[in-house]
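Asks:
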Amino acid sequence: MALPKVANDKAQAVALGDAVLGRSDTYWSLADAARRWPSHVHRRWADVPCPKCDLKVVEVLESTQADLMRYRCSSCEWTADSVDDDGLWLDLFTLGEEVEVRPHDPRWLTRPEAARLARATPATVMRWAERSMVRSQLGRYWRDDVVVMAERRAATA
Ligand SMILES: [Zn+2]
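Under my numbering, think of the first position of the sequence shown as 217, with each following residue one higher.
#1: Taking all protein chains shown into account, do 16 or more other C-beta atoms lie within 10 angstroms of the C-beta of Val299, making it buried, or fewer, making it exposed?
#2: State the start and end residues of the unbroken alpha helix (DSSP H) segment that holds Ala262.
#3: Quick one: measure Cβ to Cβ for Arg332 and Pro267, integer angstroms, because I've assumed they're closer than 8 Å.
#4: For Leu367, which three-state DSSP category applies?
#5: Shorter than 7 Å, the distance from the beta carbon of Lys268 to the closest heavy atom of ligand 1, or not?
#6: What does the Cβ neighbour count give for Gln353, buried or exposed, with the cut at 16 atoms within 10 Å?
#7: Looking only at C-alpha atoms, which of Asp301, Leu284 and Cys269 sits nearest to Glu293?
#8: Which partner residues does Cys289 have in the DSSP bridge list?
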């Protein structure tokens, strides 16, 4: 167990908290950090843009021992972790999306966009496409179809 070790070492806990939290320490206590990040934290820049401000400045913080990953935009306040929203963010930031090849027609949504719109998981969106309930093309999903599925989903909820 690395947690007691971290908790007992104030300097290490502070360093860890600083690495994990940066300026968002208003949201996370050191105890939270120690609990969620019991060991070393790998940091990298995500390949996909922030879902809120659309800037490609999302940091992925990955614990070497916990399965949890945390995503934090360094531009806006957006933050999430890999268990939020049924793993939506885990899918998005793990699989990545070819955001550079965004078609001119904005009615073709990326899978994360479609998932957000329908309040479903990316895996669900993919299933809809496989069952031809939502038209798809080059990994994009037709917005109108997604809206229909979202309404259907809301009606049965
Ligand atoms: Zn942002």
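All C-beta atoms in this analysis are idealised placements derived from N, C-alpha and C, irrespective of residue type, glycine included.
Replies: According to the structure data:
#1: exposed
#2: That residue, Ala262, is in no alpha helix (DSSP H); it is neither H nor E in DSSP.
#3: 7 Å
#4: In the sequence on display, residue 367 carries Glu and not Leu. The answer is helix: DSSP assigns Glu367 an H, G or I state.
#5: yes
#6: exposed
#7: Cys269
#8: Val274
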